[in-house]
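K.L.:
Quick one: the structure is below, questions incoming.
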Amino acid sequence: MKQSTHNNPKQAAGEQAAQLVKNNMIVGLGTGSTAAYAIKELGRRVASGMDILGVPTSYQSAFLAAECGIPLTTLDEHPAIDIDIDGADQIAGFTAIKGGGAAHTREKIVALSSKKFALVVDESKCTDVLAHPVPLEVLPFARKLVLKQVERLGGKAELRMGVSKDGPVITDNGNFIMDADFGKISDPASLGEQLSQCTGIVEHGIFTGVDTVYIGKKDGSVEITSL
Ligand code: 5RP
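When the letters of the sequence shown are read in order and numbered with numbering that gives the first Met the number 0, they come out as residues 0 to 226.
Set out below in structure tokens:
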């Protein structure tokens, strides 16, 4: 357990996790408000002389990293990432649901390209059994087919609609997002495998392979669990 000087749980988790990063590392930069605190802390460390290259998981993280002075690279140039730091919508142990920011496809590609995958969350995201709707990135052409396939798996999917935009959310990759409610997910790995087999789903938001979790608490402390 580590103590921060402020009591914003997301900030505490993000800033603590940024301390995992060492000089000369290639770093996956996650998306969302908690990962943003890690990116800002990395920016401060870069300003103090640390050398790193960031691989962004979205336009949001690319823009923020550029503002913070973090030099960026691509997976083409650096296919092996040292550490990825990202947020989550819900987490049970070392399995998470991501995609609240519609970025989970790139987030998963970056996570799977990383030697270490750290999640940063506030304590409200933690649960015993995952039950959050699972974000699905879907090819627009396959919209109706995906609704049917999700139904066959026992879920109910809804197209995510834009806020400050009429019509559906369009991802950074030009696709739709559906949120698929399966109720309590007793076997997330198995559901993930079944979703991976559905035609028209580009990627689902169930993430396994997490090795470290930073949980920010209301009192400013951060609980760190590692595999
Ligand atoms: C984006 C994500 C985010 O990491 C997730 O939605 C958590 O966001 P926040 O830290 O703002 O609560 O998966 O696709």
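Beta carbons: idealized from backbone N, C-alpha and C, even for Gly.
This structure is a prediction, so every number in the text was calculated from the model and none was measured.
Beta carbon of Lys183: closer than 7 angstroms to some heavy atom of the ligand 5RP?
P.N.:
no
K.L.:
Consider the C-beta atom of Ile87 and the heavy atoms of the ligand 5RP; say whether any pair is separated by less than 7 angstroms.
P.N.:
Here the sequence assigns Ala to residue 87, which means Ile is not the residue at that position. Ala87: yes, Cβ under 7 angstroms from the ligand 5RP.
K.L.:
Mind checking whether His203 and Leu135 have CB atoms under 8 angstroms apart?
P.N.:
yes
K.L.:
Excluding five sequence neighbours on each side, which residues of the same chain lie with their C-beta closer than 7 angstroms to the C-beta of Glu106?
P.N.:
Counting only Cβ-Cβ distances below 7 angstroms, and skipping sequence neighbours, we find Gly29, Thr30, Thr56, Asp85, Lys97.
K.L.:
What three-state label does DSSP hand Thr224 in the structure shown?
P.N.:
The answer is strand: DSSP assigns Thr224 an E or B state.
K.L.:
Could you give the distance in angstroms between the alpha-carbon of Gln59 and the alpha-carbon of Ala35?
P.N.:
9 angstroms
K.L.:
Going by alpha carbons, who is nearest to Gly191 out of Tyr213, Thr211, Ser163, Leu152?
P.N.:
Leu152
K.L.:
Within 10 angstroms of the Cβ of Gln89, are there 16 or more other Cβ atoms? Answer buried if so, exposed if not.
P.N.:
That one is buried.
K.L.:
So, under 8 angstroms CB-CB, Asp180 and Lys155 are touching, yes? Tell me the CB distance rounded to an integer number of Å.
P.N.:
5 angstroms
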